[in-house]
Structures are given as C-alpha cells and as structure tokens.
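Shown next, in structure tokens, is the structure this report addresses.
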Amino acid sequence: DAGVIQSPRHEVTEMGQEVTLRCKPISGHDYLFWYRQTMMRGLELLIYFNNNVPIDDSGMPEDRFSAKMPNASFSTLKIQPSEPRDSAVYFCASSLFGFGYTFGSGTRLTVV
Amino acid sequence: GIQVEQSPPDLILQEGANSTLRCNFSDSVNNLQWFHQNPWGQLINLFYIPSGTKQNGRLSATTVATERYSLLYISSSQTTDSGVYFCAVDNPGAQKLVFGQGTRLTINP
C-alpha cells in the first residue's frame, strides 16, 4: 500500500486566495482525519470523517475552512479566503475502526 | 477533554545512550499511539499500545492503563533517532487522537 497520500507537499499563496489541500487515504480505511500543526498550538484535530460522513468538525477554526469527502478514496480541505495565520503544516491521517492512525507526509502551507 | 502531558520536553544524549520518555494522560483511553516526527516533518507510527508492552528492535513501549501513563524506551540511541516523539490518546467512543506537546530528542554523534 502506498500509504496516505497528500498533495501538494508545499503551497505558497497570497492572502485572500483560495487554497485546496488533497488527501487520499489508505484503501479500506473507514476513518479520515485532518490535523494542523503549528509551533504555538502543536498538533490539533480540525475535522474527521467516518465512512465519508463528517463526524466532528469542532476543531475547524472558522467558516473560512471547509472539508469534504465525496468518496472513500478522496478528501479535500479548503481555505477561502486564506490568511497569513493559516500558515501551518496540514496533515491527513486514516485508520481502520479508529485505531492505529497512519499519517500522510503533510502539506506545508505558507500564506504571504 | 482528555489531557496529555509528556516529559521531558527536551532530551539531549550521546549516541549509544538509552532513554525513557513518559506520557501521562488524564482519563481512560481506548487508543494510545507513539509517533516519531523526523527532521523532515514526517509522522511515523511507532506503536499502537493502549495497554501492555511491545517491542520493535531498539524501541519498546509500556502502557499501564490503570495508572494512566505510558513509557517509550529507546536503547543504544543513534543519530537517526533524533526528532520529536509524540504520544497521542483518545477516550472510548471519541475516535479522535489528542496529542501531547512532544519530547524533542537530540542524539549527538
């Protein structure tokens, strides 16, 4: 298995632009998680899905953030409009039955 | 929500030394994992260990769920062991991992 695949690896964008991060989970996994890592706040959960359905989005910082999972093999995290404080590394992870998470390589987002 | 505390925050050792990293958590858990974040930022799953003891080469981990702590042991450290080690837990039924702040391990040659 290729593991959890995220794209792009790096993204530099200007303030106000829309940013879309992508994730392909491990085939057969039924949970998908989006995390954000910053120096100040560490690793924090933004949202997670079970069988493509959003279960808990309480970590999504504000309405500028949205996430979708249209099918079992693809998820997106969108920021519109982006702001400099959104700069962080965004990780996607998947798991089977909620145990044994596997993380992707992350997307380093820089908003200038 | 559940709280996770890791200690020490920083650890600097010489190659070949042994180390013990600790993770305390505030409530019963369904899931506990140890991760290594390497200098390139990748999060590597080391152990899934909600209870008991596991070993993988020079690394081993023990979780005492009744006392709400877990230990990660690294023996004969190598420079490639450098990075940040995270403990992450979730409550039964919560299905979402909460991460500690990590232990930054530096192994000098």
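Just so you know, the protein sequences line up as chains A and B, in that order. The opening position of the first sequence corresponds to residue 1 in our numbering, with each subsequent residue numbered one higher. The opening position of the second sequence corresponds to residue 1001 in our numbering, with each subsequent residue numbered one higher. Backbone N, C-alpha and C define an ideal beta-carbon position, used for all residues, glycine too.
Using C-beta distances below 6 Å, list every residue in its chain close to residue i, excluding the 5 sequence neighbours before and after it, in chain order.
{"i": "B:H1036", "result": "I1044, L1046, G1083, Y1085"}
{"i": "B:Q1003", "result": "S1026"}
Is the separation between the beta-carbon of residue i and that of residue j shorter than 8 Å?
{"i": "A:N50", "j": "A:N71", "result": "no"}
{"i": "B:N1071", "j": "B:L1059", "result": "Note that residue 1071 of chain B is Leu in the sequence shown, not Asn. Cβ distance not < 8 Å, so B:L1071 and B:L1059 don't count as in contact."}
{"i": "B:N1030", "j": "B:N1091", "result": "yes"}
{"i": "B:Q1033", "j": "B:L1097", "result": "yes"}
{"i": "A:S75", "j": "A:L32", "result": "yes"}
{"i": "A:S73", "j": "A:V4", "result": "no"}
{"i": "A:G98", "j": "B:Q1095", "result": "yes"}
What residues from chain B crowd round residue i, counting only those whose CB sits closer than 8 Å?
{"i": "A:T102", "result": "N1045"}
{"i": "A:M33", "result": "In the sequence as presented, Met is not what sits at residue 33 of chain A; that position holds Phe. Ordered by position in chain B, the residues that pass the 8 Å Cβ test against A:F33 are K1096, L1097."}
{"i": "A:S27", "result": "Chain B residues near A:S27: none, gap ~17 Å exceeds 8 Å."}
Using the beta-carbon of each residue, which ones in chain B are nearer than 7 Å to residue i?
{"i": "A:D56", "result": "K1096"}
{"i": "A:S7", "result": "None at all; the shortest Cβ gap to chain B is about 15 Å."}
Sorted by chain position, which residues of the same chain lie with C-beta nearer than 7 Å to residue i's C-beta, five sequence neighbours on each side aside?
{"i": "B:S1051", "result": "T1063, A1065"}
{"i": "A:R36", "result": "E44, L46, A88, Y90"}
{"i": "A:T38", "result": "A88"}
{"i": "A:R64", "result": "I79, Q80, P81"}
{"i": "B:G1102", "result": "Q1006, V1084, Y1085, F1086"}
{"i": "A:D86", "result": "I79, L109, V111"}
{"i": "A:E83", "result": "M15, V111"}
Determine the chain A residues that contact residue i at a beta-carbon separation under 7 Å, and present them in chain order.
{"i": "B:Q1101", "result": "G42"}
Following a CB-centred definition, is residue i positioned closer than 7 Å to any heavy atom of the ligand COA?
{"i": "A:R41", "result": "No copy of the ligand COA occurs in the structure displayed, which carries no ligand at all."}
Which class does residue i belong to by DSSP, given the choice of helix, strand or coil?
{"i": "B:F1067", "result": "Reading off the sequence shown, one finds Glu at residue 1067 of chain B, where the question assumed Phe. Looking at B:E1067 - three-state DSSP - the assignment turns out to be helix."}
{"i": "B:D1081", "result": "helix"}
{"i": "A:D56", "result": "strand"}
{"i": "B:R1058", "result": "coil"}
{"i": "A:P113", "result": "Examination of residue 113 of chain A is not possible in this model, given that chain A is present from 1 through 112 alone."}
{"i": "B:D1090", "result": "strand"}
{"i": "A:D86", "result": "helix"}
{"i": "A:P61", "result": "coil"}
{"i": "B:R1104", "result": "strand"}
{"i": "B:K1096", "result": "coil"}
{"i": "A:G16", "result": "coil"}
{"i": "B:G1041", "result": "coil"}
{"i": "B:P1009", "result": "coil"}
{"i": "A:G104", "result": "coil"}
{"i": "B:S1051", "result": "coil"}
{"i": "A:M39", "result": "coil"}
Report the neighbours of residue i on chain B: residues whose CB is nearer than 9 Å to its CB, in chain order.
{"i": "A:L45", "result": "K1096, L1097, V1098, F1099"}
{"i": "A:S105", "result": "W1040, G1041, Q1042, L1043"}
At a CB distance below 9 Å, what residues from the stretch 1023-1048 of chain B approach chain A? Give them in sequence order. Close to chain A, meaning a Cβ-Cβ distance shorter than 9 Å, are the following residues of the stretch 1023-1048 of chain B: N1030, N1031, Q1033, F1035, Q1037, W1040, G1041, Q1042, L1043, I1044, N1045, Y1048.
- Task: Could you list the residues in the stretch 77-99 of chain A with a C-beta less than 7 Å from some C-beta on chain B, going in chain order?
- Result: Answer in chain order: V89, F91, G98, F99.
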